[in-house]
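*Asks:* Numbering-wise (this note's numbering), the sequence shown opens with residue 793 and increments by one.
Take a look at this one; I'll ask things after.
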Amino acid sequence: MSAGQLAVYAQGMVTAVGFDAPTSCAAMRGGLSGLYEDNLWDILVGEYLSVGRPLMHQWWEGRDMLAELLAPPILECVDALASIPGWEHIDPRQVPIVVIVPPEHRPHRWEQLDTALLADLAHKLGHPLAVYSSTIAGGRAGIVAALEVAAQLCGRAELPVCVIAGVESFMRQRLAVHYLRQRRMKSEVNSNGFVAGEAASAILVGPARAARAPQLLLTGVGWAEDPAGAGDSTAHPVTGRGLTAAIRQALAQAGHSYAALDLRLCDINGEHWKFKESAFAEGRLDRARPEGLPARRLGYCDVWHPIELIGEVGAAVFPLLLGWLRDAYCKGYDRGPRSLVFAMEDAGERAAVTCEFWSPT
793 MSAGQLAVYA QGMVTAVGFD APTSCAAMRG GLSGLYEDNL WDILVGEYLS VGRPLMHQWW
853 EGRDMLAELL APPILECVDA LASIPGWEHI DPRQVPIVVI VPPEHRPHRW EQLDTALLAD
913 LAHKLGHPLA VYSSTIAGGR AGIVAALEVA AQLCGRAELP VCVIAGVESF MRQRLAVHYL
973 RQRRMKSEVN SNGFVAGEAA SAILVGPARA ARAPQLLLTG VGWAEDPAGA GDSTAHPVTG
1033 RGLTAAIRQA LAQAGHSYAA LDLRLCDING EHWKFKESAF AEGRLDRARP EGLPARRLGY
1093 CDVWHPIELI GEVGAAVFPL LLGWLRDAYC KGYDRGPRSL VFAMEDAGER AAVTCEFWSP
1153 T
């Protein structure tokens, strides 16, 4: 089984606008912002920064906070098994969990994060994690590797499902100092930057059409590298060629052109280089609508970028985007039958996934 033969059957989230997926998706749909000033200090100006922090029952800074964020979305996904025909018998404790975490190049990354997070998560859930549970240090673009692992796991006879989760927090003063000095964080004196956030998200994936339940079909997956990185390379200007290549690869697997898309969801976060890459990719790929396809509902390919509402969430962004897209299709506020999700990591990794919706009714 390949990554392009999977589907999303459920989603879970903890974000700055909601403590579960229905609340978060409703807030993002309505454009409600969860950003507010909190205790991250702008050392250059001398005032507090805006942040996107979930309203947890308790909050502290540290590696073990990640498991607190991660457990509720995972439970949302595995609890959904009880309502999926044919999968009611699956023991949620036996479902493998693949967690996308910050990449190795992320500044001030916690030591031994990959192994420690799994132990923290098992403690929080109250039981050992299922066999084959693992972490992937891929950040925003880690979804491609996660889907490959999930495809292998779901192709086994024992269990047809897997949870892909993502978690990251930028709510740390030393990280704020790092990105402020790089002029990558939004502040009173810099509009070309992101707002620090933290979140966790999860999706329940399985073989496409394996159960008679509403599902988001992952029709194509693309991955590429771009030497421009995070737009800060003097030798390699921002051209969007890496993102273009990733999208082309996903479209080729899906069997349709960019012009057939109705909606894009992405990790644009306020930094200019991400806007530029997205615009360059669209300019290279978008053409006249193919004959026979109905006109787009809005007359153009819409774009959703929830980071403006929840803050920069790093490794949590791709499962969150896929979960929001499934919610949109299930509740009828989608933009059309074909959608594209993409994200860009700082070291140059670019990931893209094309999606369609299928429902038994």
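Cβ atoms here follow ideal geometry from the backbone N, Cα and C, with glycine treated the same way.
1) Where DSSP assigns a beta bridge to Ala-991, which residues make up the other side?
2) On the criterion of 16 or more Cβ atoms from any shown chain inside 10 Å, does Ser-794 qualify as buried, or is it exposed?
3) Under DSSP, the alpha helix (DSSP H) around Thr-815 begins and ends at which residues?
4) For Ile-882, which residues of its own chain have a beta-carbon under 6 Å away from its beta-carbon, when the five flanking residues on both sides are left out?
5) Between the C-alpha atoms of Gly-1115 and Thr-807, what's the straight-line distance to the nearest angstrom?
6) Apart from the five residues just before and just after Arg-1033, which ones in its own chain have a Cβ nearer than 7 Å to its Cβ?
7) Quick one: what's got a C-beta closer than 7 Å to Thr-1031's C-beta in the same chain, skipping five residues either side?
8) Could you check which residue in Glu-960, Val-890 and Arg-1130 has the C-alpha nearest to that of Gly-1047?
9) Apart from the five residues on each side of it in sequence, which residues of its chain come closer than 6 Å, Cβ to Cβ, to Gln-797?
10) Under 7 Å, do Val-890 and Ile-956 count as touching if we go by C-beta distance?
11) Just the C-alpha distance for Leu-1112 and Val-809, rounded to the nearest angstrom, thanks.
12) Secondary structure at Ala-929, three-state DSSP: helix, strand or coil?
13) DSSP three-state call for Asp-1138: helix, strand or coil?
14) So, at 6 Å on beta carbons, what are the nonlocal neighbours of Trp-1065 in its own chain, with the 5 sequence-adjacent residues on each side left out?
15) Using only alpha-carbon positions, find the residue among Asp-1078, Val-953, Thr-1036 and Phe-986 that is nearest to Ala-1002.
16) If you count every other CB in all the chains shown that lies within 10 Å of the CB of Glu-1141, and 16 or more means buried, which is it?
17) In terms of DSSP beta bridges, what is Phe-1149 paired with?
18) Give me, in chain order, the residues of the same chain whose beta-carbon lies closer than 7 Å to that of Cys-817; leave out the 5 immediate sequence neighbours on both sides.
19) Suppose the cutoff is 7 Å on Cβ atoms and the five residues either side in sequence are ignored; what does the same chain contact list for Pro-877 look like?
20) Rounded to whole angstroms, what's the CA-CA distance from Ala-1016 to Gln-944? Just pull it up for me.
21) Within 10 angstroms of its Cβ, does Ala-802 collect 16 or more other Cβ (buried), or is it exposed?
22) Determine the burial state of Gln-1045: buried for a count of at least 16 other Cβ atoms within 10 Å of its Cβ, exposed for fewer.
23) Is Arg-1056 helix, strand or coil when you go by DSSP?
24) For a test of the three-state rule: what should DSSP assign to Thr-807, helix, strand or coil?
25) I want to know whether the segment 920 to 927 touches the segment 966 to 978 - three or more CB-CB distances under 8 Å.
26) Nearest to Val-1109 by CA position, among Val-800, Asn-1061 and His-900, is which residue?
27) Going by DSSP, which residues form a beta bridge with Asn-751?
28) Return the CA-CA distance between Glu-960 and Glu-990, expressed in angstroms with no decimal places.
29) Answer yes or no: do Leu-841 and Leu-832 have a C-beta to C-beta separation smaller than 7 Å?
30) Helix, strand or coil for Ser-875, going by three-state DSSP, please let me know.
31) Helix, strand or coil: which one does DSSP assign to Cys-1093?
32) Closest by CA to Val-987, which one among Leu-1132, Glu-1104, Leu-909 and Arg-1127?
33) Once DSSP output is grouped into helix, strand and coil, what is the label at Pro-999?
34) Confirm, please, whether the CB-CB distance from Pro-895 to Gly-854 is below 7 Å.
35) Nearest CA to the CA of Glu-1063: which residue from Ala-813, Ile-835, Ser-983 and Arg-966?
*Replies:* Straight from the coordinates:
1) Glu-960.
2) So Ser-794 counts as exposed.
3) From DSSP, the alpha helix (DSSP H) with Thr-815 extends over 813 to 821.
4) Excluding five sequence positions before and after Ile-882, the CB atoms of its chain that fall closer than 6 Å to its own CB belong to Leu-873, given in chain order.
5) Computed Cα separation, rounded: 13 Å.
6) Within the same chain, Cβ atoms closer than 7 Å to the Cβ of Arg-1033 are found at Asp-1018, the five residues on either side in sequence being excluded.
7) Cβ neighbours of Thr-1031 beyond the five flanking positions: Ala-1020 and Phe-1072.
8) For the residues Glu-960, Val-890 and Arg-1130, the minimum Cα distance to Gly-1047 belongs to Arg-1130.
9) Same-chain partners within the cutoff: Ala-1000.
10) With contacts defined as CB atoms closer than 7 Å, Val-890 and Ile-956 qualify as a contacting pair.
11) Those two C-alpha atoms are separated by around 13 Å.
12) Ala-929: coil per DSSP, three-state reduction.
13) Three-state DSSP puts Asp-1138 in coil, outside helix and strand.
14) Around Trp-1065: Gly-1023 and Val-1030.
15) Measuring from the Cα of Ala-1002, the nearest candidate turns out to be Val-953.
16) Buried, because 16 or more other Cβ atoms sit within 10 Å of the Cβ of Glu-1141.
17) BP columns for Phe-1149 point to Leu-1008.
18) Close CB contacts of Cys-817 within its chain, under the 7 Å cut and outside five residues either way in sequence, are with Trp-1116 and Asp-1119 (chain order).
19) Within the same chain, Ala-1003, Arg-1004 and Ala-1005 come within 7 Å of Pro-877 by CB-CB distance, once the 5 residues on both sides are set aside.
20) Approximately 21 Å, taken between the alpha carbons.
21) Using a 10 angstroms sphere on the CB of Ala-802, the tally of other CB atoms reaches 16 or more, which defines it as buried.
22) Buried, because 16 or more other Cβ atoms sit within 10 Å of the Cβ of Gln-1045.
23) In this structure, Arg-1056 counts as strand in the three-state DSSP scheme.
24) Reduced to three states, the DSSP call for Thr-807 is strand.
25) Taking a cut-off of 8 Å for Cβ pairs, the segment 920 to 927 and the segment 966 to 978 do not touch, as fewer than three such pairs fall below it.
26) It is Asn-1061 whose Cα lies nearest to the Cα of Val-1109.
27) Residue 751 lies beyond the stretch modelled for the chain, which goes from 793 to 1153, so this question has no answer here.
28) Roughly 6 Å between the two C-alpha positions.
29) For Leu-841 and Leu-832, yes; Cβs fall inside 7 Å.
30) Judged by DSSP in its simplified three-state form, Ser-875 adopts helix.
31) Under the three-state reduction of DSSP output, Cys-1093 falls in the coil class, being neither helix nor strand.
32) The shortest Cα separation from Val-987 among Leu-1132, Glu-1104, Leu-909 and Arg-1127 belongs to Glu-1104.
33) The three-state secondary structure of Pro-999, taken from DSSP, is strand.
34) One thing to note: Gly-854 has its Cβ no nearer than 7 Å to the Cβ of Pro-895.
35) Measuring from the Cα of Glu-1063, the nearest candidate turns out to be Ser-983.
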